[in-house]
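Okay, so the sequence shown: first residue is 474 according to our numbering, each after it adds one.
No residue lacks a Cβ here, since even glycine has one placed at the ideal position from N, Cα and C.
Scroll down for the structure; my scribbles are underneath it.
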Amino acid sequence: MAQNQNQQSTGNKISTTYVTVIVLIVIVISISALFLAAEAYVTGQDPLVAGFLALIGLIAMTLSVFMLFQSRRQSVEMKLETPKVMTTIECKKCGYKNVREYQRGDYVFKELEPCQKCPDTKQIITAIYKEVKEKEKTYAV
Numbered sequence: 474m475a476q477n478q479n480q481q482s483t484g485n486k487i488s489t490t491y492v493t494v495i496v497l498i499v500i501v502i503s504i505s506a507l508f509l510a511a512e513a514y515v516t517g518q519d520p521l522v523a524g525f526l527a528l529i530g531l532i533a534m535t536l537s538v539f540m541l542f543q544s545r546r547q548s549v550e551m552k553l554e555t556p557k558v559m560t561t562i563e564c565k566k567c568g569y570k571n572v573r574e575y576q577r578g579d580y581v582f583k584e585l586e587p588c589q590k591c592p593d594t595k596q597i598i599t600a601i602y603k604e605v606k607e608k609e610k611t612y613a614v
């Protein structure tokens, strides 16, 4: 399962890299179209060709810069918080419960140190779970 998540995250990185490369190529092409438009205008060639080249260059430049900023903003928004994993420990005899952060090596039904209330009985791990934070509700104004 972890390997599958790794493949998905690398797949996302590759696709954003491809998008960035394509956007940069379009920026280079749009800059060269703008230079060609300026050259066509200065040398006195057909003004319609110079206008079309300038229009294509400006539109391509605008769209590619917009896409570049959008892809960067999305990658910043996609950063995930590491969830807090908790372990519930219970005494079999008296029912005393304790919740602590997960420690490496914890597993369900693992026997731990003796209970604080009844020292003759060992405590066991009864649950391991991640803490889910409720997202703040936003209301349209």
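So, for residue i: in the same chain, excluding its five sequence neighbours on each side, which residues have a beta-carbon less than 7 Å away from its beta-carbon?
| i | result |
| --- | --- |
| Tyr575 | Val558, Met559, Thr560, Ile601 |
| Glu512 | none |
So if DSSP puts residue i in a beta bridge, which residue, or which two residues, is it bridged to?
| i | result |
| --- | --- |
| Glu574 | Met559 |
| Cys564 | Gln596 |
Specify the secondary structure class of residue i as computed by DSSP and reduced to three states.
| i | result |
| --- | --- |
| Gln543 | helix |
| Glu604 | coil |
| Thr490 | helix |
| Thr516 | coil |
| Thr599 | strand |
| Val581 | coil |
Excluding the 5 residues preceding and the 5 following residue i in the sequence, name in chain order all residues of the same chain whose CB lies nearer than 6 Å to its CB.
| i | result |
| --- | --- |
| Lys603 | Pro556, Val558 |
Locate the beta strand (DSSP E) running through residue i, then write down its first and last residues.
| i | result |
| --- | --- |
| Pro587 | 584-587 |
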